[in-house]
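J.: The numbers in the working numbering rise by one with no breaks, and the one at position 3 of the sequence shown is 110.
Structure provided below as structure tokens; questions to follow.
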Amino acid sequence: MYNGGKIILGLVIFVGLFAFPIFYNTGKTADVPKPSLDTPVINQMEKKECVESKEWMKANHMQLLDSWRDSVLRDGNLVYESTGGKKYIMSLQNNCMHCHSNKKQFCDSCHSYANVKPYCWTCHIAPKENEI
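See below:
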């Protein structure tokens with residue numbers, strides 16, 4: 108082992124380069140996004156409410172959309188009754204996106220943060236964003 112110093116130096120450099128991103132990002136977190144509710148439809152509402160409570164929707168919206176899809180496509184049911192007793196049409200485009208028309212600021216901000224890629228838009232047409 109005549110090259111022991113070079114080998115150790117090489118290993119130290121390798122470990123340093125490999126570990127740099129881990130140590131560099133230790134203790135840092137990305138800012139939690141705050142979805143924008145600034146849309147014409149929401150701004151005109153006297154009482155700003157969704158089909159379920161804000162907390163419930165934040166935690167369960169994908170399960171709700173999946174159950175809506177199954178209910179509409181498999182069973183032919185088109186009406187959803189919320190826990191508050193109000194009835195809604197089960198439609199992503201005609202119900203959800205009617206109010207939440209700012210897909211980039213509402214949907215995409217949280218989905219990018221959570222690193223999820225929902226497949227909603229493989230079947231549905233994404234709403235057109237108004238460029239300012």
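All C-beta atoms, glycine included, are put in the ideal place defined by N, C-alpha and C.
Is residue 233 helix, strand or coil by DSSP?
T.: Of the three classes helix, strand and coil, the one that applies to residue 233 here is coil, per DSSP.
J.: Once DSSP output is grouped into helix, strand and coil, what is the label at residue 194?
T.: In the structure shown, residue 194 sits in a strand (DSSP, three-state: E or B).
J.: Identify which residue in 196, 197, 225 has its Cα closest to the Cα of residue 210.
T.: The candidate whose alpha carbon is nearest that of residue 210 is 225.
J.: Give every residue of the same chain whose Cβ lies closer than 6 Å to the Cβ of residue 234, excluding the five residues on either side of it in the sequence, and list them in chain order.
T.: Cβ neighbours of residue 234 beyond the five flanking positions: 204, 208, 210.
J.: I need the DSSP call for residue 148, collapsed to helix, strand or coil.
T.: Helix.
J.: Answer yes or no: do residue 179 and residue 197 have a C-beta to C-beta separation smaller than 8 Å?
T.: For residue 179 and residue 197, yes; Cβs fall inside 8 Å.
J.: Looking at residue 216 and residue 147, is the spacing between their C-beta atoms short of 8 Å?
T.: For residue 147 and residue 216, no; Cβs fall outside 8 Å.
J.: What alpha helix (DSSP H) runs, 4 residues minimum, are completely inside the segment 141 to 190?
T.: Complete alpha helix (DSSP H) runs here, min 4: 147 to 151, 161 to 177.
J.: Using only the alpha-carbon positions, how far apart do residue 201 and residue 194 sit?
T.: Rounded to the nearest angstrom, the two C-alpha atoms are 14 Å apart.
J.: Please report the distance separating the alpha-carbon of residue 159 from that of residue 171.
T.: Their backbone Cα atoms lie some 10 Å apart in a straight line.
J.: Looking at the structure shown, is residue 109 part of a helix, part of a strand, or coil, going by DSSP?
T.: Coil.
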